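A.B. asks: What follows is a single structure, and I will ask about it in a moment.
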Amino acid sequence: MKLIIAVIQPNRLEAVKAALAEVEVFRLTVMDVQGFGRQRGHTEMYRGHEFTVNLVRKVQLTIAVNDAFLQPTVDAIIKGGRTGPDGAIGDGKIMILPLEECIRIRTGERGGAAI
Amino acid sequence: MKPMRTLAWMSLLIGGFSLATVFDGGASWAHAENVEVKAVTWGQMTVDEKLDALQASALKLDESGAVSGSGIYVDSDVLWVCLAAFLVFFMQAGFAMVETGFTRAKNACNIIMKNLMDFCLGTLAFWIVGFALMFGVSYHGWFGTSGFFYDAGNNSFDWAFLLFQTVFCATAATIVSGAMAERTKFIGYLAYTVAITVIVYPIFGGWVWNGAGWLAGLGFRDFAGSTVVHSVGGWAALAGAIVLGPRMGKYVGKEIKAIPGHNIPIAALGVFILWFGWFGFNPGSTTAIGGGDFALIAVATNISGAAGALGAMICSWICFKKPDISFTLNGALAGLVAITAGCNCISVPYAALTGLLAGFLVVGACVLIDRLRVDDPVGAISVHGVCGAWGTLAVGLFAGDAGLFCGGGLGLLGTQALGVAVAFLWAFPASMGIFLAIKATIGLRVSPEEEAEGLDLIEHGIHAYPPSIVTVTGAVAPAAGVPTSFALPAAAPGAAGVALESA
Chain A
1 MKLIIAVIQP
11 NRLEAVKAAL
21 AEVEVFRLTV
31 MDVQGFGRQR
41 GHTEMYRGHE
51 FTVNLVRKVQ
61 LTIAVNDAFL
71 QPTVDAIIKG
81 GRTGPDGAIG
91 DGKIMILPLE
101 ECIRIRTGER
111 GGAAI
Chain H
1 MKPMRTLAWM
11 SLLIGGFSLA
21 TVFDGGASWA
31 HAENVEVKAV
41 TWGQMTVDEK
51 LDALQASALK
61 LDESGAVSGS
71 GIYVDSDVLW
81 VCLAAFLVFF
91 MQAGFAMVET
101 GFTRAKNACN
111 IIMKNLMDFC
121 LGTLAFWIVG
131 FALMFGVSYH
141 GWFGTSGFFY
151 DAGNNSFDWA
161 FLLFQTVFCA
171 TAATIVSGAM
181 AERTKFIGYL
191 AYTVAITVIV
201 YPIFGGWVWN
211 GAGWLAGLGF
221 RDFAGSTVVH
231 SVGGWAALAG
241 AIVLGPRMGK
251 YVGKEIKAIP
261 GHNIPIAALG
271 VFILWFGWFG
281 FNPGSTTAIG
291 GGDFALIAVA
301 TNISGAAGAL
311 GAMICSWICF
321 KKPDISFTLN
331 GALAGLVAIT
341 AGCNCISVPY
351 AALTGLLAGF
361 LVVGACVLID
371 RLRVDDPVGA
381 ISVHGVCGAW
391 GTLAVGLFAG
401 DAGLFCGGGL
411 GLLGTQALGV
421 AVAFLWAFPA
431 SMGIFLAIKA
441 TIGLRVSPEE
451 EAEGLDLIEH
461 GIHAYPPSIV
471 TVTGAVAPAA
481 GVPTSFALPA
491 AAPGAAGVAL
501 ESA
């Protein structure tokens with residue numbers, strides 16, 4: 001079992017959801033988050049003065065998967081998450097963590113069956 | 001116990017005040033009974049009554065064909081002045097929205113309260129004292145001496161005139177609010193509002209608009225108040241911004257930081273409302289519909305406002321590579337302010353030029369005032385003070401009958417320049433003195449902690465928006481180097497961002 005945490009562009013969320021649906025990943029948690037990467041955000045202009053908005057809005061996906069689903073899920077996020085055919089700066093990252101346990105609250109099922 | 005006792009004292013004061021007004025107003029009530037009209041329909045009237053009614057409403061012509069005093073004619077002037085006053089009143093909403101939009105979310109309630117209460121206090125103070133000092137029987141052209149607790153009896157036009165002048169006075173008062181936004185103690189602001197409506201505005205206004213005023217006697221022209229209302233308000237705002245000092249985080253070392261407003265659409269709505277109100281401000285200043293001058297005045301007003309926005313947009317586009325929204329909005333107001341003095345005597349092409357130059361001027365003035373480290377969050381000093389002065393001078397340049405470019409020579413221009421200088425030399429030092437007095441007594445500026453937290457929570461006990469929104473918007477400030485307490489929650493996601501990067 002793995003936990004996938006992906007930070008993506010907010011405007012790619014619908015494409016990522018569609019791509020995930022194609023590989024039959026229907027379990028997904030979405031959060032609004034803010035952050036910055038190597039560019040440290042972007043600059044804006046107000047009344048003649050430039051200023052930096054370094055906390056940029058992103059969307060974070062949290063998906064728990066069984067090992068067999070890992071690669072299709074990651075591929076789907078990359079496919080849906082890229083801006084343009086080659087992608088662009090700010091398209092985000094995917095992080096994969098080992099998942100120790102998973103429990104369905106309703107039934108008490110544990111492990112892969114609970115995902 | 002102490003708050004209760006204060007409350008009791010306040011009720012006593014208010015009680016005594018209302019008693020005084022009842023005595024004062026007694027005469028007018030008796031008057032109203034005398035002139036009470038019997039409610040009869042046309043069909044119930046006798047022939048004589050019908051003839052009398054027709055006689056009263058008919059237009060009277062003199063030998064030259066000029067129309068004069070019939071009931072309906074006077075009534076329509078009253079209606080026009082009242083309608084114009086209602087439009088100018090709505091400008092209060094415009095100012096409130098512009099100032100709210102151009103400042104941060106954590107101070108929105110405070111801005112609204114300032115704009116509401118300066119109108120309310122200003123209305124009372126102007127009726128009790130200001131109107132008398134401005135329009136009463138003049139003491140050698142310097143100040144009026146009659147008409148305190150103004151009572152026009154059964155003269156409808158004078159009541160309409162009081163309302164019209166009250167909303168003008170409130171406009172001058174509310175200009176100050178924007179330049180002093182986000183750091184002024186509420187009670188200190190209220191004190192200043194009373195001072196400008198009973199001293200600064202009416203004294204200067206009387207010099208120009210009281211028939212016996214000394215500036216009017218010299219031939220100084222300010223038709224609807226580029227100087228009387230806008231420059232006076234703008235110079236008072238300058239004094240306020242200087243005495244207060246800049247907002248925390250605005251000037252850090254050698255850098256000038258941007259502190260973006262939190263709601264540009266609301267600011268834009270405010271500008272549209274102000275523009276709408278200006279159709280009462282300038283055309284209404286005819287205070288009469290005879291001759292229909294108000295139509296041309298409305299066109300000149302509109303053209304100048306449009307040209308002002310265009311000028312500011314072009315200027316900001318050239319200077320900052322983008323057509324800056326807040327400067328363009330300021331530019332529309334700058335054009336409207338500038339044509340206010342000469343809307344009755346500047347031809348339409350020159351009105352366009354007046355506005356266009358005001359648009360350039362307002363951007364330059366904003367940048368210059370910022371470089372001088374006078375923090376004016378909404379550009380009030382540039383829009384009203386500087387462009388009011390420009391518009392008053394423009395009368396000397398472009399007035400159809402006596403302007404320099406219309407073959408009139410330098411005479412009028414000189415008089416206009418004198419008036420502009422007198423406005424500054426009166427409004428700026430007088431306001432400076434009042435602000436310093438307030439600073440030394442009840443205090444003018446909030447504590448640094450309160451400024452960081454936002455005036456809404458500490459002064460008024462409530463946020464304008466759900467706290468999460470206020471916090472997010474506040475997070476812009478630390479990016480601009482502002483050490484607010486809102487930096488703390490904002491720092492958490494920032495730290496997460498660093499972790500992301502290192503991973």
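Just so you know, the protein sequences line up as chains A and H, in that order.
Our numbering puts the first residue of the first sequence at 1, with every later residue one more than the last.
Our numbering puts the first residue of the second sequence at 1, with every later residue one more than the last.
We treat Cβ as the ideally placed atom computed from N, Cα and C, and that holds for glycine.
For clarity, every value in this text was computed on a predicted model and none was experimentally measured.
Take every Cβ of the segment 373 to 382 of chain H, pair it with every Cβ of the segment 318 to 338 of chain H, and state whether three or more of those distances are shorter than 8 Å.
C.D. replies: Counting Cβ pairs under 8 Å, three or more are found: they touch.
A.B. asks: Name, going along the chain, the residues of the segment 41 to 52 of chain A whose beta-carbon falls closer than 9 Å to a beta-carbon of chain H.
C.D. replies: If the cut-off is 9 Å between Cβ atoms, the segment 41 to 52 of chain A has G41, E44, M45, Y46, R47, G48, H49, E50, F51 and T52 near chain H.
A.B. asks: Taking C-alpha atoms, which residue in H/H262, H/D401 and H/G213 lies nearest to H/E99?
C.D. replies: Nearest of H/H262, H/D401 and H/G213 to H/E99, Cα basis: H/H262.
A.B. asks: In terms of residues, what are the limits of the alpha helix (DSSP H) holding H/A160?
C.D. replies: Segment S156 to A179, the alpha helix (DSSP H) holding H/A160.
A.B. asks: State yes or no: is the C-beta of H/V194 within less than 8 Å of the C-beta of H/L310?
C.D. replies: No, the Cβ-Cβ distance between H/V194 and H/L310 is not below 8 Å.
A.B. asks: For H/F161, is the classification buried or exposed, using 16 other Cβ atoms within 10 angstroms of its Cβ as the cut-off for buried?
C.D. replies: The residue is buried, with at least 16 neighbouring Cβ atoms inside 10 Å.
A.B. asks: Say whether chain A places a C-beta atom closer than 8 Å to the C-beta of H/P517.
C.D. replies: For chain H, the structure presents residues 1 to 503; residue 517 of chain H sits outside this window and is missing.
A.B. asks: Taking H/L361 as the reference, which of H/G388, H/C345, H/S347 and H/F405 has the closest Cα?
C.D. replies: It is H/G388.
A.B. asks: Could you pull out every residue in the same chain whose Cβ sits closer than 6 Å to the Cβ of A/N54, ignoring the five residues on either side in sequence?
C.D. replies: Closer than 6 Å at the Cβ level, and outside the excluded window around A/N54, lie F36, R40 and G41.
A.B. asks: Name the chain A residues that come within less than 9 Å of H/A258, Cβ to Cβ?
C.D. replies: Simply E44, M45, Y46, R47, G48, H49, E50 and F51.
A.B. asks: Taking the straight line between their C-alpha atoms, what separation do you get for A/R47 and H/D375?
C.D. replies: Spanning the two alpha carbons is a distance of roughly 12 Å.
A.B. asks: For a test of the three-state rule: what should DSSP assign to A/L3, helix, strand or coil?
C.D. replies: Correct three-state label for A/L3: strand.
A.B. asks: Distance check for H/W317 and H/D324, CA to CA, integer angstroms please.
C.D. replies: About 7 Å.
A.B. asks: Leaving aside the five residues before and after H/V40 along the sequence, list all residues of the same chain whose C-beta is less than 8 Å from its C-beta, in chain order.
C.D. replies: So the list reads E49, once near-sequence residues are dropped.
A.B. asks: Beta-carbon within less than 8 Å of H/E36's beta-carbon, same chain only, minus the 5 sequence neighbours each way: which residues are those?
C.D. replies: Bear in mind that the predicted position of H/E36 carries a pLDDT of just 46, short of 50, making it unreliable; the figure below should be weighed with that in mind. Excluding sequence neighbours, H/E36 sits near nothing in its chain.
A.B. asks: Are the C-beta of H/F367 and some C-beta of chain A separated by less than 8 Å?
C.D. replies: Note on residue identity: the sequence assigns Val, not Phe, to residue 367 of chain H. Yes - at least one Cβ of chain A is within 8 Å of the one on H/V367.
A.B. asks: Please list the partners that H/F320 has in chain A, where partner means a Cβ-to-Cβ separation under 7 Å.
C.D. replies: Under the 7 Å cutoff, chain A gives M45 and G48.
A.B. asks: Please list the partners that H/S382 has in chain A, where partner means a Cβ-to-Cβ separation under 8 Å.
C.D. replies: Correct list: empty, because the minimum Cβ distance to chain A is about 11 Å.
A.B. asks: Can you tell me the Cα-Cα spacing of H/K439 and H/F276, whole angstroms?
C.D. replies: So the two alpha carbons sit approximately 36 Å from each other.
A.B. asks: Residues of chain A with CB under 8 Å from H/S468, in chain order?
C.D. replies: The premise fails here: H/S468 is roughly 11 Å from chain A at the closest Cβ pair, so nothing lies under 8 Å.
A.B. asks: Nearest-angstrom Cα distance between H/L215 and H/S177?
C.D. replies: So the two alpha carbons sit approximately 28 Å from each other.
A.B. asks: I'd like to check one pair, H/A399 with H/I346: are the Cβ atoms closer than 8 Å?
C.D. replies: Result yes, Cβ atoms of H/I346 and H/A399 sit closer than 8 Å.
A.B. asks: Taking CB distances under 8 Å as the criterion, tell me whether H/F360 reaches chain A.
C.D. replies: Chain A contact via Cβ: absent.
A.B. asks: Is the CB-CB distance between A/T83 and A/T29 below 8 Å?
C.D. replies: No.
A.B. asks: Of the choices H/L436, H/S326 and H/G245, whose alpha-carbon is the least far from that of H/E451?
C.D. replies: With distances taken between Cα atoms, H/E451 lies closest to H/G245.
A.B. asks: From the DSSP output, which residues share a beta bridge with H/L79?
C.D. replies: Partner(s): none; H/L79 has no beta bridge.
A.B. asks: In whole angstroms, what separates the C-alpha of H/L329 from that of A/A15?
C.D. replies: Rounded to whole angstroms, H/L329 to A/A15 spans 38 Å at the Cα level.
A.B. asks: Can you list, in chain order, the residues of its chain with a C-beta nearer than 6 Å to that of H/W235? Leave out the 5 residues immediately preceding and following it.
C.D. replies: The answer, listed in chain order, is G385, F424, A427 and F428.
A.B. asks: On the DSSP bridge assignment, give the partners of A/L97 in chain order.
C.D. replies: A/L97 pairs with A/L3.
A.B. asks: Which two residues bound the contiguous alpha helix (DSSP H) that contains H/L413?
C.D. replies: That run of the alpha helix (DSSP H) goes G411 to A440.
A.B. asks: On the criterion of 16 or more Cβ atoms from any shown chain inside 10 Å, does A/P10 qualify as buried, or is it exposed?
C.D. replies: Counting Cβ neighbours within 10 Å, A/P10 comes out exposed, since fewer than 16 surround it.
A.B. asks: Would DSSP call A/Q9 helix, strand or coil?
C.D. replies: Coil.
A.B. asks: From A/T52, A/M31, A/M1 and A/Q60, pick the residue whose C-alpha is nearest to that of A/I8; which is it?
C.D. replies: Ranking A/T52, A/M31, A/M1 and A/Q60 by Cα distance to A/I8 puts A/Q60 first.
A.B. asks: Under 8 Å Cβ-Cβ, which residues of chain A neighbour H/S326?
C.D. replies: Y46 and R47, listed in chain order.
A.B. asks: Any chance the segment 297 to 311 of chain H sits against the segment 339 to 357 of chain H, with 3 or more Cβ pairs inside 8 Å?
C.D. replies: Flag = yes, the segment 297 to 311 of chain H and the segment 339 to 357 of chain H touch.
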